[in-house]
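Engineer: Residue numbers (my numbering): 576 to 1073.
Don't be surprised by glycine CBs; every beta carbon is placed ideally from N, CA and C.
#1: Return helix, strand or coil for residue 993, following the three-state DSSP convention.
#2: What residues in its chain sit with their C-beta under 7 Å from that of residue 930, if we drop five residues either side in the sequence?
#3: Around the C-beta of residue 706, are 16 or more other C-beta atoms found within 10 angstroms, so that it is buried, or is it exposed?
#4: Which residues does DSSP list as the beta-bridge partners of residue 905?
#5: Excluding sequence positions up to five away, which residues of its chain have a Cβ less than 8 Å from the Cβ of residue 750?
#6: Quick one: which unbroken beta strand (DSSP E) runs of 3-plus residues sit fully inside the stretch 776-863? Chain order, please.
#7: Whose C-alpha, out of 687, 951, 886, 738, is nearest the C-alpha of residue 854?
#8: State the start and end residues of the unbroken alpha helix (DSSP H) segment that holds residue 1011.
#9: Near residue 1050, which residues of its chain fall below 8 Å by C-beta distance, leaving aside the five closest residues on each side in sequence?
#10: Which class does residue 926 belong to by DSSP, given the choice of helix, strand or coil?
#11: Taking residue 872 as the reference, which of 886, 843, 859 has the closest Cα?
#12: Which stretch, first to last residue, makes up the beta strand (DSSP E) that contains residue 754?
#13: Short check: CB of residue 953 to CB of residue 916, under 8 Å?
#14: Between residue 779 and residue 657, which are expected to be in contact by the criterion C-beta below 8 Å, what is the C-beta distance as a whole number of angstroms?
#15: Could you tell me whether the Cβ atoms of residue 932 and residue 896 are closer together than 8 Å?
#16: Distance check for residue 643 and residue 870, CA to CA, integer angstroms please.
#17: Under the three-state reduction of DSSP, which class applies to residue 1084: helix, strand or coil?
#18: Counting along the chain, where does the beta strand (DSSP E) carrying residue 694 start and finish?
#19: For residue 865, which of helix, strand or coil comes out of DSSP?
#20: Name the one or two DSSP bridge partners that residue 702 has.
#21: Given this structure, state the Cα-to-Cα distance separating residue 651 from residue 777, to the nearest angstrom.
#22: If we count the other Cβ atoms within 10 Å of its Cβ and call it buried at 16 or more, is residue 861 buried or exposed?
#23: Should the stretch 686-701 be called in touch with the stretch 783-792, which here means at least 3 C-beta pairs below 8 Å?
#24: Let me make sure I understand the geometry here. Which of 951, 950, 956 has the alpha-carbon closest to that of residue 938?
#25: Alpha carbons only, please: which of 856, 700, 905, 914 is nearest the one belonging to residue 1025?
#26: Note down the Cα distance separating residue 746 from residue 641, rounded to an integer number of angstroms.
#27: Compute the Euclidean distance between the alpha carbons of residue 615 and residue 770, then round it to the nearest angstrom.
#28: Under three-state DSSP, which class holds residue 762?
#29: Which term fits residue 998, buried or exposed, when burial requires 16 or more other beta carbons within 10 angstroms of its beta carbon?
#30: Using three-state DSSP, classify residue 640 as helix, strand or coil.
#31: The beta strand (DSSP E) spanning residue 675 covers which residue range?
#32: Excluding the five sequence neighbours on either side, which residues of its own chain have a C-beta within less than 6 Å of the C-beta of residue 785, listed in chain order?
#33: Assign residue 937 to one of three DSSP states: helix, strand, or coil.
#34: Residue 841 and residue 798 look like a contact to me (Cβ under 8 Å); what is the Cβ gap, rounded to whole Å?
#35: CB-CB under 8 Å to residue 1069, same chain, minus the five flanking residues each way: which ones, in chain order?
#36: Name the DSSP bridge partner or partners of residue 961?
Okay, structure coming up:
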């Protein structure tokens, strides 16, 4: 249970927020530690009172979504001890408890969820237990609308309904929160997010109430073993999947080249899920940049029920809508000793506009050239660049290509494509063949890390020059799907330029 400082008991009349009233800061304001604590204590009291009221017999009920803040094992606010306790129940009927816990669906893209028993939440899970409105919904770490699109999430619409019902609270990782007060929802800044998360956890523990696990009967332990790194060792290896061949891809499909290319990536990710399930202790991560093509690819994969195998860093950059984030991450993974000496498979996906804007092509060849200046270099890294010849997002807003948006860089790509560590996929068949080659490479690499006989072990010299590759994808140029735009689209949809 949270403990309030004895010198002062917060009152509901305390309002450490500005609400909808504009407030002009003439100079930067840095809140003192005492002021931040005061604000946090007020919010804790308000939120816990709301949870008590909503979880009482005959009330609406409470449902709490756990994001990265609550699942970071390095934090004192981590919910691991509570989740592992029998108080959080996945027994039959536990979905009827007045307090429910669930994982944000972005978390479920960090492990091979098609190999793990898992029940998706629907709008029904958020409906009030007494039939009126929504459950009191608390999110600890809120994914942005952008990552909601990138993972084809249905949650944004559900959260909007909870917000409209004034039954919605959010604790962010940036020391702010949102919570209902009366009939409105207020934003509060300058709080201690970790202190608030810990107070929520301690309240749940001290309440003594059984808390329902929302992802299916008997699934809790298996899922926790995947999402908590300290528990990964409890997952047994499975048989290695066979590398993909041409018959595994959509060559006989009646759809066009673009749709078959999407399905090819579905197959590629399905294989990586199988590989991750087979070797849970091996690092295998995908990093998506921000842009139209890469977002459509990730959403298509997620819609097919396949995990994107993302990590915490990519969640953060997608949440921020950070264009070019893949460039700095590639440098980190290949230049710093803790990463470059660790066996791993990394795949990066970026559009040609964002890549050129951030010097990505120059960077990848610098990494290829210099990777083996170190005799301890271990990871495999692949950069997929989607070459469309134009700024995809902007030119999908109108029915024509704007001349100033064209990227006159075909000769540049042709030059780079001639490098031994570069492959250009101009057709879907070429893309499928390359993805198949990569799965064969992943298979050989993984087996070399656990040799069964002499001569199979990992040999730095044998892999010299083959760790990093550039794959230029030109088979997905004419995508006519609508762009991932946030907000009101009515004006755009009715425009004659569309």
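Structural biologist: Well, looking at it:
#1: What you label residue 993 is simply residue 418 of the chain shown in a count that begins at 1. Three-state result, residue 993: coil.
#2: Position 355 of the chain shown holds residue 930. Closer than 7 Å at Cβ, skipping near neighbours: 936, 960.
#3: For the purposes of this step, residue 706 is taken as residue 131 along the chain shown, with counting starting at 1. Burial call: exposed.
#4: In the chain shown, counting from the first residue as 1, residue 905 sits at position 330. Looking at the DSSP assignment, residue 905 forms no beta bridge with any residue, so it has no partner.
#5: Locating residue 750 in the chain shown gives position 175, where the first residue counts as 1. Around residue 750: 611, 764, 765, 766, 767, 768.
#6: 786-788, 858-863
#7: The sequence position of residue 854 within the chain shown is 279, counting from 1. Checking every option, the nearest Cα to that of residue 854 belongs to 687.
#8: Counted from its first residue, the chain shown places residue 1011 at position 436. Residues 1003-1023.
#9: Locating residue 1050 in the chain shown gives position 475, where the first residue counts as 1. Taken in chain order, the residues that qualify are 832, 833, 836, 1000, 1001, 1002, 1003, 1005, 1006.
#10: For the purposes of this step, residue 926 is identified with residue 351 of the chain shown, where counting begins at 1. Note: residue 926 maps to strand in three-state DSSP.
#11: To locate residue 872, count along the chain shown from 1; it is residue 297. The residue with the shortest Cα to Cα distance from residue 872 is 843.
#12: As a position in the chain shown, residue 754 is number 179, starting the count at 1. That run of the beta strand (DSSP E) goes 751-756.
#13: As a working note, residue 953 is residue 378 in the chain shown. As a working note, residue 916 is residue 341 in the chain shown. Yes; because the gap between Cβ atoms is below 8 Å, this pair is in contact.
#14: Position 204 of the chain shown, counting from 1, holds the residue named residue 779. Position 82 of the chain shown, counting from 1, holds the residue named residue 657. Confirmed, Cβ separation roughly 6 Å.
#15: Stepping through the chain shown from its first residue, residue 932 is reached at position 357. Stepping through the chain shown from its first residue, residue 896 is reached at position 321. In this structure, residue 896 does not lie closer than 8 Å to residue 932 by Cβ.
#16: As a working note, residue 870 is residue 295 in the chain shown. As a working note, residue 643 is residue 68 in the chain shown. Between residue 870 and residue 643, the C-alpha separation is close to 21 Å.
#17: Summary: the structure shown does not reach residue 1084, with the chain confined to residues 576 through 1073, and so no result is reported for it.
#18: Numbered from 1 along the chain shown, position 119 holds the residue referred to as residue 694. That residue, residue 694, is in no beta strand (DSSP E); it is neither H nor E in DSSP.
#19: Against the chain shown, residue 865 aligns to sequence position 290. Coil at residue 865, not helix or strand.
#20: Here residue 702 refers to the residue found at position 127 when the chain shown is read from its first residue. DSSP, once it has assigned bridges, lists 709 as partnering residue 702.
#21: In the chain shown, counting from the first residue as 1, residue 651 sits at position 76. In the chain shown, counting from the first residue as 1, residue 777 sits at position 202. Cα to Cα, residue 651 sits roughly 11 Å from residue 777.
#22: Position 286 of the chain shown holds residue 861. So residue 861 counts as buried.
#23: yes
#24: Your numbering for residue 938 matches position 363 in the chain shown. Per the Cα distances, 956.
#25: Indexing the chain shown from 1 puts residue 1025 at position 450. Nearest of 856, 700, 905, 914 to residue 1025, Cα basis: 856.
#26: The sequence position of residue 746 within the chain shown is 171, counting from 1. The sequence position of residue 641 within the chain shown is 66, counting from 1. C-alpha separation (whole angstroms): 10 Å.
#27: The count along the chain shown starts at 1 and reaches residue 615 at position 40. The count along the chain shown starts at 1 and reaches residue 770 at position 195. The straight-line gap from Cα to Cα measures roughly 7 Å.
#28: Counted from its first residue, the chain shown places residue 762 at position 187. Residue state, collapsed to three classes: strand.
#29: If you number the chain shown from 1, residue 998 lands on position 423. Residue 998 should be labelled buried.
#30: Here residue 640 is taken as the residue at index 65 of the chain shown, counted from 1. DSSP places residue 640 in strand when its eight states are reduced to three.
#31: On the chain shown, residue 675 is found 100 positions in, with the first residue counted as 1. 674-678 is the span of the beta strand (DSSP E), which, as asked, contains residue 675.
#32: In the chain shown, counting from the first residue as 1, residue 785 sits at position 210. Counting only Cβ-Cβ distances below 6 Å, and skipping sequence neighbours, we find 664, 672.
#33: As a first step, residue 937 is located in the chain shown; it is residue number 362 there, counting from the start. Note: residue 937 maps to helix in three-state DSSP.
#34: Counting from 1 along the chain shown, the entry for residue 841 is found at position 266. Counting from 1 along the chain shown, the entry for residue 798 is found at position 223. Not really, about 23 Å apart at Cβ, beyond 8 Å.
#35: Residue numbering aside, residue 1069 sits at position 494 when the chain shown is read from its first letter. There are no such residues.
#36: Translated into positions along the chain shown, residue 961 becomes position 386. Partner(s): 926, 1048.
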